[in-house]
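> Dropping a structure here in structure tokens format, bear with me for questions.
In this note's numbering, the protein residues as written are -14 to 220.
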């Protein structure tokens, strides 16, 4: 997701009607982009609606035309970014006819391309740090993001087990094990960073994928290595 800051009011037009025209032209996407940037920079608690309006170049009154509260604005940020990406992944999954291994690779690296390497990943850190103080926000994230992501992985693992490609495993626990390194990767981008600076996110994900898939296969299976997709991760 690319963030484009709206033009300040003073740049819109020199005449006195410029603020009115600017408010009319304001779009929710401008406000959610500004909100995402501030949520990542300052956290949920420290971000004020006044700050979001100023970052977007609109009045606070304009902001309230679209969002009744900071919680509503946060939900819109999630809906526009993470939920949209997960919905697209669900559609690709329903149309996918390759192996479970290929599907798992696309899900992991698709997450990185659409969420992990974007400012959206900062929401993961925000939830981890502030969920206890804002349970409604945390519950929305759980229902709309984590639950959807788990459903994608559940379907993939079930396909692999049913076809004999993967050995039988505790599906729900396997999902936890798959997701934990991804969440840590997202959080580390905005806090700890990589302890080993020689390790790139791509190398981290390839290693995670190879360990994961070879752990899912039985001992008689051929060792699986990561193969760079030839079609940009789409089938």
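Even for Gly, the Cβ is constructed at its ideal location relative to N, Cα and C.
#1: Could you check the C-alpha separation between residue 79 and residue 35 for me, to the nearest Å?
#2: Which residue from 190, 57, 116, 145 puts its Cα closest to that of residue 82?
#3: Is it buried or exposed, residue 99, if we count other Cβ atoms within 10 angstroms and call 16 or more buried?
#4: Counting only the same chain and skipping the five closest in sequence on each side, list residues whose C-beta sits under 8 Å from that of residue 28.
#5: Please go through the region 65 to 144 and give each complete alpha helix (DSSP H) segment of 4 or more residues, from N-terminal end onward.
#6: Please say whether residue 19 and residue 40 have beta carbons closer to each other than 9 Å?
#7: Check this for me: beta carbons of residue 23 and residue 66, under 9 Å apart or not?
#8: Using the three-state DSSP reduction, which class does residue 174 fall into: helix, strand or coil?
#9: Residue 92 and residue 198 - do their beta-carbons sit closer together than 9 Å?
#10: Beta-carbon separation of residue 187 and residue 86 under 9 Å?
#11: Assign residue 147 to buried or exposed, taking buried as 16 or more other Cβ atoms, counted over all protein chains shown, within 10 Å of its Cβ.
#12: Excluding the five sequence neighbours on either side, which residues of its own chain have a C-beta within less than 7 Å of the C-beta of residue 109, listed in chain order?
#13: Quick check on residue 45: does DSSP put it in helix, strand or coil?
#14: Please check the pair residue 47 and residue 38, which I expect to be a contact at CB under 8 Å, by giving their CB distance rounded to whole angstroms.
#15: How many angstroms separate the CA atom of residue 76 from the CA atom of residue 194?
#16: How would you label residue 162, buried or exposed, when you count the other beta carbons within 10 angstroms and need 16 or more for buried?
#17: When we look at the beta-carbon of residue 200 and count the other beta-carbons within 10 Å, is it buried (16 or more) or exposed?
#18: Could you check what DSSP says for residue 15 in three-state terms: helix, strand or coil?
#19: Could you tell me the distance, in whole angstroms, from the CA atom of residue 137 to the CA atom of residue 44?
#20: Whole angstroms is fine: what's the gap from residue 166's alpha carbon to residue 153's?
#21: Specify the secondary structure class of residue 29 as computed by DSSP and reduced to three states.
#22: Just to confirm the assignment, what range does the alpha helix (DSSP H) spanning residue 200 have?
#23: If you reduce the DSSP assignment to three classes, tell me which class residue 161 lands in.
Per the coordinate set shown:
#1: 42 Å
#2: 145
#3: buried
#4: 111, 114, 115
#5: 69 to 80, 85 to 96, 106 to 115, 120 to 126
#6: yes
#7: no
#8: helix
#9: no
#10: no
#11: exposed
#12: 168, 171, 172
#13: helix
#14: 7 Å
#15: 22 Å
#16: exposed
#17: exposed
#18: helix
#19: 40 Å
#20: 22 Å
#21: coil
#22: 186 to 201
#23: helix
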